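A.B. asks: Chains as they are written, first to last, in our numbering: chain L, 1 to 236; chain H, 1001 to 1236; chain Z, 2001 to 2236; chain E, 3001 to 3236; chain R, 4001 to 4236; chain B, 5001 to 5236; chain A, 6001 to 6236. Yeah, the Cβ is synthetic: ideal placement off N, Cα and C, and Gly gets one too. Keep in mind that this is a model prediction, so the values were computed, not measured.
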Amino acid sequence: MQQGQMAYDRAITVFSPDGRLFQVEYAREAVKKGSTAIGIRFRGGVVLISDRKIRSRLVEQNSLEKIQLIDDYVAAVTSGLVADARVLVDFARIAAQQEKITYGSLVNIENLVKRVADQMQQYTQFGGVRPYGVSMIFAGVDSIGPRLFDCDPAGTINEYKAVSIGAGRDAVTAFLEKEYKEDLDEKEAVSLGIRALRASVEEGQEFRPPEIATIVEGSKFKIYTREEVEKAVQNA
Amino acid sequence: MQQGQMAYDRAITVFSPDGRLFQVEYAREAVKKGSTAIGIRFRGGVVLISDRKIRSRLVEQNSLEKIQLIDDYVAAVTSGLVADARVLVDFARIAAQQEKITYGSLVNIENLVKRVADQMQQYTQFGGVRPYGVSMIFAGVDSIGPRLFDCDPAGTINEYKAVSIGAGRDAVTAFLEKEYKEDLDEKEAVSLGIRALRASVEEGQEFRPPEIATIVEGSKFKIYTREEVEKAVQNA
Amino acid sequence: MQQGQMAYDRAITVFSPDGRLFQVEYAREAVKKGSTAIGIRFRGGVVLISDRKIRSRLVEQNSLEKIQLIDDYVAAVTSGLVADARVLVDFARIAAQQEKITYGSLVNIENLVKRVADQMQQYTQFGGVRPYGVSMIFAGVDSIGPRLFDCDPAGTINEYKAVSIGAGRDAVTAFLEKEYKEDLDEKEAVSLGIRALRASVEEGQEFRPPEIATIVEGSKFKIYTREEVEKAVQNA
Amino acid sequence: MQQGQMAYDRAITVFSPDGRLFQVEYAREAVKKGSTAIGIRFRGGVVLISDRKIRSRLVEQNSLEKIQLIDDYVAAVTSGLVADARVLVDFARIAAQQEKITYGSLVNIENLVKRVADQMQQYTQFGGVRPYGVSMIFAGVDSIGPRLFDCDPAGTINEYKAVSIGAGRDAVTAFLEKEYKEDLDEKEAVSLGIRALRASVEEGQEFRPPEIATIVEGSKFKIYTREEVEKAVQNA
Amino acid sequence: MQQGQMAYDRAITVFSPDGRLFQVEYAREAVKKGSTAIGIRFRGGVVLISDRKIRSRLVEQNSLEKIQLIDDYVAAVTSGLVADARVLVDFARIAAQQEKITYGSLVNIENLVKRVADQMQQYTQFGGVRPYGVSMIFAGVDSIGPRLFDCDPAGTINEYKAVSIGAGRDAVTAFLEKEYKEDLDEKEAVSLGIRALRASVEEGQEFRPPEIATIVEGSKFKIYTREEVEKAVQNA
Amino acid sequence: MQQGQMAYDRAITVFSPDGRLFQVEYAREAVKKGSTAIGIRFRGGVVLISDRKIRSRLVEQNSLEKIQLIDDYVAAVTSGLVADARVLVDFARIAAQQEKITYGSLVNIENLVKRVADQMQQYTQFGGVRPYGVSMIFAGVDSIGPRLFDCDPAGTINEYKAVSIGAGRDAVTAFLEKEYKEDLDEKEAVSLGIRALRASVEEGQEFRPPEIATIVEGSKFKIYTREEVEKAVQNA
Amino acid sequence: MQQGQMAYDRAITVFSPDGRLFQVEYAREAVKKGSTAIGIRFRGGVVLISDRKIRSRLVEQNSLEKIQLIDDYVAAVTSGLVADARVLVDFARIAAQQEKITYGSLVNIENLVKRVADQMQQYTQFGGVRPYGVSMIFAGVDSIGPRLFDCDPAGTINEYKAVSIGAGRDAVTAFLEKEYKEDLDEKEAVSLGIRALRASVEEGQEFRPPEIATIVEGSKFKIYTREEVEKAVQNA
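1) Quick check: the Cα distance between Q6002/A and P17/L, rounded to an integer number of angstroms?
2) Quick one, which residues of the stretch 92-104 of chain L are near chain H if we go by CB-CB under 8 Å, in chain order?
3) Between which two residues does the beta strand (DSSP E) carrying L1197/H extend?
4) Any chance you could list the alpha helix (DSSP H) runs of at least 4 consecutive residues sitting entirely within the stretch 2133-2184 of chain Z, in chain order?
5) On the DSSP bridge list, what partners appear for E1228/H?
6) Given a threshold of 16 other Cβ atoms within 10 Å of its Cβ, counted over all protein chains shown, does Q4143/R qualify as buried or as exposed?
7) Do you know offhand how far L2184/Z's Cα is from V2046/Z's?
8) Compute the Euclidean distance between the alpha carbons of E146/L and F15/L, then round it to the nearest angstrom.
9) Is there a Cβ of chain E sitting closer than 8 Å to that of E2029/Z, yes or no?
10) In chain order, what residues of the same chain lie with their CB nearer than 6 Å to the CB of D4152/R, ignoring the 5 residues before and after it?
11) Rounded to whole angstroms, what is the Cα-Cα separation between Q6234/A and T6173/A?
12) Quick one: is V6216/A near chain B, going by C-beta distance under 8 Å?
13) I'd like the list of long-range same chain contacts for K100/L, defined as Cβ closer than 6 Å, with 5 residues on each side in sequence excluded.
14) List the residues of chain F whose Cβ lies closer than 9 Å to the Cβ of T3156/E, in chain order.
15) Distance check for G3019/E and I3070/E, CA to CA, integer angstroms please.
16) Just checking my contact of I5067/B with I5223/B at CB under 8 Å: how many whole Å lie between their CB atoms?
17) Please report the distance separating the alpha-carbon of E4177/R from that of L4192/R.
18) Given that a residue counts as buried once 16 or more other Cβ atoms are within 10 Å of its Cβ, and exposed if not, what is N158/L?
19) I'd like to know whether the C-beta atoms of S5050/B and S5035/B end up nearer to each other than 8 Å.
20) Extract the residue ranges of the alpha helix (DSSP H) inside the stretch 1097-1122 of chain H, only unbroken runs of 4 or more that lie entirely within it.
21) Looking at R5115/B: is its Cβ nearer than 8 Å to the Cβ of A5095/B?
22) For G4039/R, which option in G4204/R, A4083/R, A4075/R and A4199/R has the closest C-alpha, if you only look at C-alpha atoms?
23) Which one or two residues does DSSP pair with I4212/R in a beta bridge?
24) From V5163/B, E5206/B and D5170/B, pick the residue whose C-alpha is nearest to that of A5189/B; which is it?
25) To the nearest angstrom, report how far apart E4182/R and F5221/B are at their CA atoms.
26) Return no unless some Cβ of chain L is closer than 8 Å to the Cβ of G6166/A.
27) Rounded to whole angstroms, what's the CA-CA distance from Y4029/R to G4168/R? Just pull it up for me.
28) Quick one: is Y4103/R buried, meaning 16 or more other Cβ sit within 10 Å of its Cβ, or exposed?
29) Quick one: Cα of A4213/R to Cα of L4048/R, how far?
30) Return the first residue and the last residue of the beta strand (DSSP E) that Q3023/E is part of.
31) For F2091/Z, which of helix, strand or coil comes out of DSSP?
32) Whole angstroms is fine: what's the gap from F3126/E's alpha carbon to K3033/E's?
33) Does the separation of the CB atoms of R52/L and E211/L fall below 8 Å?
34) Can you tell me which of the three DSSP states Q3002/E falls into?
35) Does the distance from the CB of V3201/E to the CB of I3137/E come in under 8 Å?
36) In this structure, how does DSSP classify R3086/E when only helix, strand and coil are distinguished?
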């Protein structure tokens, strides 16, 4: 950390002399400590994959699930501060309901992501609040087809063919850049994601079967069972 | 404490350069000074056990009780700042009433815990307030069956088979990780909890008969009488 | 005072690194400078006793009275900042009126104390205010029988058989712990309280006849006359 | 001033480590620079006496008058910041009007003083304001008889037989403690007050004829004329 | 400036340890740099006189006029920050209109001055604002007769026979204390004021013809023409 | 800058010990960097002249115009922060519309300027805002005749025969003080203004044809065409 | 950075001693890191060109598009903080809808840009917010013809024949100043823009085909296809 930095990094409403918002950058550090998550678009659908952190066997694993259904054809996976993530997921669900009521049955996913991102941007511009310490991947199917977005603590959004957030993001992205091919089918996409996630596991560390979920055109959201996950891991 | 830390830890709305919220961590310190509490799920129910702090014989013991009924089939035990805990218990009771009025007779415990946790999360994101200095265990029975959650000052929640909060948490959790077995009956669960609590008593310190309460499917909330507690302690 | 403490103790909404709220602790210091007050439950009633500080003979003694009627069957005695105490007593009186209007003739004392304590807790969690510099003993009779509570600047409440607040609290409590017996009658309780108060008078200082008041089941609030006090002191 | 004090004395909502509110104490310093005022109760009435500060002969003396009528049977004398005092006197007058409209013809003076004191207490507990730099003596006659109160910047009130505020308060109080007798008549009370005020004049300084006003049961507020004052001073 | 002063002088809501409000004192410094103004009561009226600062010949002199009509029979002269003064003059005019509508044709000048002064006092007690950097002299005729008040940044008001504000205040006041006589007629009062103003001109500096205005019972506000002023200056 | 100054110059609501408002003075520095503008009254009208800063030939020159029409017979020229100026010009236009609707067809220019100046004064007295970094010259014709005012960041206004703001103000004013004559006609006034502006151009710098606009009784606002300006410059 | 600067640059509502608003200047630094964008007016239309930053091939390129349609005949390109830009684009779209509803079919582009710029100016004058870290170019056709504006973080706007924002602004502007000719047709304008953008690419860096869009009188907004862009680049 530079000498002069500390003067500008404690109030979210303040730019540093080189035009940076330190609080937003620090919020991204919270995300970098979060579990690794991956989204990959394939022919007719999208797959979400999330690392499972080791926890006590006393914890109900499903209470740790990072992949959350937002609406019939939209899901999200989060990385970062767990409570912030829950609040944003709820925000997204309500926004999806409102979109549906206002515009009809299929939610426009881009609009939905924008509403969440606008909320996140506000918390980087006004005093008296801190940014959300969360990044999110939104995946789903709308009238345009399969869609995949991410959204970071600054409220910045992008659309992807394949994307990663959280602790393993750099390793996963490097892997995907190399291995991703257009026009995958579901199996290939799941396999690609598992291999990418595995690539982010540091040497000497165990690779745990991740959460996997897909949204396919016409058949809504589907969470892989433990058996399906294990089979997919073996086939990857 | 690191040299630079003090610059980031006095305003709740501020991230530290490594993405931490110090005020939330300090609130957890308040919880670490609280009485030890344990929740264990068993076949058809949940047991809550709370350490009793030694107090003057002039105090009405029931005014110190940490296990509180939230609704017919939901109870909570708290650890941390006593006044904060009371306010959150009241918040939970009102939320339970609202859930019941809106959705029918049996409260969805997960929804209830989320509402309390959302309240706690808000106090970590907005300026002008401090986080609640409290962790809570919620136990109960809903349409899914027996349920057991905890919630910490960050507003993070998880579901458990067995869980502990407060001063003895680390010792209790280590004990439970080793000794917990699936499909306990009530007696076994109570016995396990008592032994776990005893494991957290530091050497040379007296083990006092704790508070014990259960919620069993179909028979609501039950607080053990002093005699029942003593018998359970002897049988543990 | 520790070196690092001053960084955390000037804003009520801030935890110290070890999870303390210094402003609440400092407010308790204001209480420790207040007059000593005692509450003792006896068979069928409660007695309140308060030290009288020496003041100019020009002051109307009754304007210094610390024991205040809250409702027909509830009284309170305060210690700490006098103006804060007056404001809280008024708050309690209005709350009692509201309880009575809402729930019928006899006020539930525990609910009443909680409402005052909730008010006090709020002032420890929100910015822009300071905690109340006051502790209170609430005594009364409700449908459960004689009741005795205290409430401190944190908003913490407990129920007691016998309790003390203010400058002499430690000495009085030590005395009561040793001498308190269950099932006292009014005379014995008054005598016990007077002796406890006397035990808190530092050597070489004069013991002044205190304020004494009782609430007895079926006969409401009664303040002892000067003669009754003197007689009680002689008989103690 | 102690070394560490400055850290706690600039925000009214902050206690010092020993439980003091420095801003309230500093407001009292403003009062200590104010003109000396005295109130004395006598048989059937109350007298108020206020020192007259030397001012330019160009000033209309009555615009400096410290004794102010609040209501038919209530008057007040103030000491401290002149503008604050005017604002509080107006506050008291409006409160008296409201009391009269709500409860009937004779204002309960204790209630009236409490309302002013509550206003003053608020300014010691909330941020963004400073305490009033004023102490007041309220004198009057209500259904209980002649009454005499003071109220200081903390919002503390007491009832007196005789009381003093302002620069000469200590000297006057010492004099009154020695010389005050019960059951004075008006003449004796006025004489006592004049002598007490004279006792507070520092050696070598001139004693100026003070303001004098009385409220007597059945005959309302009366300000002594210059001749009556001079005669009273000669007879004192 | 004392060493410790700077800790207390930047927030208007803060008393210094000796009970002073530094921001109010600093606002008075702004007044001390203002143009000198004088008010003198005479038999049946009041005269206001204000120094004219030298300004470019390009300025419309009447746009610099310090003497402002408030209402038919009330005028004011200001000294200090020019924009603050304009705002307060407008405030006074609106208050005068309201007084007239509420109470009838002739404005009670004392009430009017109090309303302006209350506004000024508020700005010395609440955070987030600074005091007005202005003193004012109010002159007029009401049902009591000719009246003359001043009002300073603290919101303090007094009634005078003769008064001065601004840069030359001390010199003018010293002159008036010596020379002022009761029962002057208009000519004598104007002459006295001119001589007093001249007494405040520092040696070697030119005395410029001042602004002069009178309010006389039954004939409203009158501003002296340049010729009348010059004649008055010659006759003084 | 003096040593102690920095303690008082960052909060607009704070006076310095010598009664200055540093933030207002710093806002004036922003004006001193602005383009030079001049206003001159002549027989039956007013002329406004503004320097043109050199800018890229890619800029539409009329988008840089400093002379803005406020209402049919009122114009303004600004100097200082460009965005602040635009906001104040809009404020003035709306105020002019309101004046016209309320009082009839011809706007009273003095009232209009006061409303803008009051807005500017507010921003020097309340916290949470900064002063406007703009000075303005208002020129126009109303029922009194041709009028010319300026208004600075403090909210101070004056009426002039001739006035200048911005970077060249001192040089222009010195020139006008020497050369200005009463009862100019339009040509003479324009010529005087051009020569004054030329006098403010520092040696070695090019003199660019300025913006020129006039408001003449009965013929509204008129902006000189490029040809008219060039001809006027040649004739000056 | 100068020594004393840091005292003035962290609160947007504060001027530095030389009349600067550092937070606005720092926000401009954020813009200087943004992608280069260019606008050029031609006969009957306007072209917008934006650099494409290299990103992962996993990103959907259209989700990075900087050129955004605001209304049928108005588009904008942004540079700076991406989330801030999205919020301002939405603001502009809503403003355009309101303009259209209020004033009829063709939006007045200058009014539209002013509304966005006013919003940006507000965030430089009020506390509790930071300025937007964005500059925008607005291009379109209205009743006046083709129009081209920019708007910076200060809220300053200008109209241009050709303009550039973002990282390459200085190089592009230098190129345009030299090469821009009046009365270009669309092809020439596109070619000029591409060459200008290429001029801003630093040596050794690859020139990527940019985004190109035009608005032509009578034919609305048109985004060049990839093929059209490539052809234009070849022809440039």
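C.D. replies: Result, derived from the coordinates:
1) Walking along the seventh sequence from the start, residue 6002/A turns up at place 2. Walking along the first sequence from the start, residue 17/L turns up at place 17. Because the pLDDT of Q6002/A is 48, which lies under 50, any placement of that residue in the model is unreliable, and the number read from its coordinates should be weighed accordingly. If you draw a straight line from the Cα of Q6002/A to the Cα of P17/L, it is about 12 Å long.
2) none
3) For the purposes of this step, residue 1197/H is taken as the residue at position 197 of the second sequence. Boundaries around L1197/H are those of the alpha helix (DSSP H), E1186 to S1200, since no beta strand (DSSP E) includes it.
4) 2169-2179
5) Mapped onto the second sequence, residue 1228/H falls at position 228. E1228/H is not bridged to any residue.
6) The residue labelled residue 4143/R in the question sits at position 143 within the fifth sequence. The identity of residue 4143/R in the sequence shown is Ser, whereas the question assumes Gln. The residue is exposed, with fewer than 16 neighbouring Cβ atoms inside 10 Å.
7) On the third sequence, residue 2184/Z is found 184 positions in, with the first residue counted as 1. On the third sequence, residue 2046/Z is found 46 positions in, with the first residue counted as 1. Straight-line measurement puts the Cα of V2046/Z at about 10 Å from the Cα of L2184/Z.
8) Walking along the first sequence from the start, residue 146/L turns up at place 146. Walking along the first sequence from the start, residue 15/L turns up at place 15. Here residue 146/L is Pro; the residue named in the question, Glu, does not match the sequence. Each residue's Cα considered, the two are about 38 Å apart.
9) Taking the first residue of the third sequence as 1, we reach residue 2029/Z at position 29. E2029/Z counts as touching chain E.
10) For the purposes of this step, residue 4152/R is taken as the residue at position 152 of the fifth sequence. Here the set comprises S4135.
11) Reading the seventh sequence from its first residue, position 234 is the one you call residue 6234/A. Reading the seventh sequence from its first residue, position 173 is the one you call residue 6173/A. When rounded, the distance between both Cα atoms is 22 Å.
12) Against the seventh sequence, residue 6216/A aligns to sequence position 216. Closer than 8 Å: no.
13) As a working note, residue 100/L is residue 100 in the first sequence. Contacts found: V107.
14) Protein chains in the displayed structure are L, H, Z, E, R, B and A, and chain F is not among them.
15) Taking the first residue of the fourth sequence as position 1, residue 3070/E is located at position 70. Taking the first residue of the fourth sequence as position 1, residue 3019/E is located at position 19. So the alpha carbons of these two residues sit roughly 35 Å apart.
16) In the sixth sequence, the residue the question calls residue 5067/B occupies position 67. In the sixth sequence, the residue the question calls residue 5223/B occupies position 223. Right, their Cβ atoms sit about 7 Å apart.
17) Locating residue 4177/R in the fifth sequence gives position 177, where the first residue counts as 1. Locating residue 4192/R in the fifth sequence gives position 192, where the first residue counts as 1. Whole-angstrom Cα-Cα distance: 11 Å.
18) Position 158 of the first sequence, counted from the start, is the residue given in the question as residue 158/L. By the 10 Å Cβ count, N158/L comes out buried.
19) As a first step, residue 5050/B must be located in the sixth sequence, where it is residue number 50. As a first step, residue 5035/B must be located in the sixth sequence, where it is residue number 35. Yes, they are a contact pair.
20) none
21) Working through the sixth sequence from its first residue, we reach residue 5115/B at position 115. Working through the sixth sequence from its first residue, we reach residue 5095/B at position 95. Going by C-beta atoms, R5115/B is nearer than 8 Å to A5095/B.
22) Along the fifth sequence, one-based indexing puts residue 4039/R at 39. Answer by Cα proximity: A4075/R.
23) What you label residue 4212/R is simply residue 212 of the fifth sequence in a count that begins at 1. Partner(s): I4049/R.
24) Taking the first residue of the sixth sequence as position 1, residue 5189/B is located at position 189. The residue with the shortest Cα to Cα distance from A5189/B is V5163/B.
25) Mapped onto the fifth sequence, residue 4182/R falls at position 182. Mapped onto the sixth sequence, residue 5221/B falls at position 221. Looking at the two C-alpha atoms, the distance is approximately 58 Å.
26) In the seventh sequence, residue 6166/A corresponds to position 166, counting from 1. Not closer than 8 Å to any Cβ of chain L, the Cβ of G6166/A fails to qualify, so no.
27) In the fifth sequence, counting from the first residue as 1, residue 4029/R sits at position 29. In the fifth sequence, counting from the first residue as 1, residue 4168/R sits at position 168. As written in the sequence, residue 4029/R is Glu, which differs from the Tyr given in the question. Roughly 13 Å separates the two Cα atoms.
28) If you number the fifth sequence from 1, residue 4103/R lands on position 103. Per the 10 Å Cβ criterion, exposed.
29) As a position in the fifth sequence, residue 4213/R is number 213, starting the count at 1. As a position in the fifth sequence, residue 4048/R is number 48, starting the count at 1. Roughly 5 Å separates the two Cα atoms.
30) Taking the first residue of the fourth sequence as 1, we reach residue 3023/E at position 23. Q3023/E -> not in any beta strand (DSSP E); alpha helix (DSSP H) instead, spanning F3022 to K3032.
31) Within the third sequence, residue 2091/Z is the residue found at index 91, counting from 1. F2091/Z falls in the helix class under three-state DSSP.
32) For the purposes of this step, residue 3126/E is taken as residue 126 along the fourth sequence, with counting starting at 1. For the purposes of this step, residue 3033/E is taken as residue 33 along the fourth sequence, with counting starting at 1. Distance between the alpha carbons of F3126/E and K3033/E is about 25 Å.
33) Locating residue 52/L in the first sequence gives position 52, counting from the first residue. Locating residue 211/L in the first sequence gives position 211, counting from the first residue. If you check the CB distance, R52/L and E211/L come in under 8 Å.
34) By 1-based counting over the fourth sequence, the position of residue 3002/E is 2. Per-residue confidence for Q3002/E stands at a pLDDT of 47, beneath the threshold of 50, marking its modelled position as unreliable; no derived number is given.
35) Position 201 of the fourth sequence, counted from the start, is the residue given in the question as residue 3201/E. Position 137 of the fourth sequence, counted from the start, is the residue given in the question as residue 3137/E. No, Cβ-Cβ distance for V3201/E and I3137/E is not below 8 Å.
36) Residue 3086/E sits at position 86 when you count from the first residue of the fourth sequence. In the three-state DSSP reduction, R3086/E falls in the helix class (H, G or I).
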